[in-house]
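Contents: one structure, followed by commentary.
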Amino acid sequence: EAQGGVHNLVEGLNFQGADIKGLSMAHASSAQERSPIACYEACASHTKCLAMTFINSRSSSRQRRCWMKGGGFYVGASRSQGTTSGVVTGWQEKAAGRVRNVEATPLQ
20 EAQGGVHNLV EGLNFQGADI KGLSMAHASS AQERSPIACY EACASHTKCL
70 AMTFINSRSS SRQRRCWMKG GGFYVGASRS QGTTSGVVTG WQEKAAGRVR
120 NVEATPLQ
C-alpha cells in the first residue's frame, strides 16, 4: 500500500541505498529495540526518514540493524532474505516538506 504503516511491513524486501547518513539503530541494547517495528517507529519519528529496512540476519557480516532511508529509497528495492522493509505513513507529504513530523501508527 502506498500509504505505508507499521502493519504494512514487508518481509524479504530490501530498499538498497538512500541511507540517511549517521542514522541507525545498530547499537540498540535490547532485542525489543532491535526489531522491524522499533525500526519503523524510529523512522516515523525522524523528520527526514521516509522508509526503512531492517536486517534480520544474525550472521557476523549482517548483524541485526535498522537502516533509515531518505528520498529515492524505492529505486533500489529488491527481494532479499533476512530483511524487512516499509514506508512510513504519509511519506509522500513528508518528502514534500508539508509535514514536519509524522506519528508512528500505534501498535495494537
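Residues in the sequence shown are numbered consecutively from 20, following our numbering.
Beta carbons are placed, not taken as given, at the ideal position from N, Cα and C, and that holds for glycine.
| Query | Result |
| --- | --- |
| Got a sec? Which residues, its chain only, sit under 8 Å from residue 34 by beta carbon, not counting five neighbours each side? | 70, 71, 72, 86, 88, 92, 93, 95, 96, 104 |
| Is the beta carbon of residue 102 sitting closer than 8 Å to the one on residue 31? | yes |
| Between which two residues does the alpha helix (DSSP H) harbouring residue 82 extend? | First-last for residue 82: undefined, no H or E at that position. |
| Which class does residue 67 belong to by DSSP, given the choice of helix, strand or coil? | coil |
| Determine which residues share a DSSP beta bridge with residue 106 and list them. | 70 |
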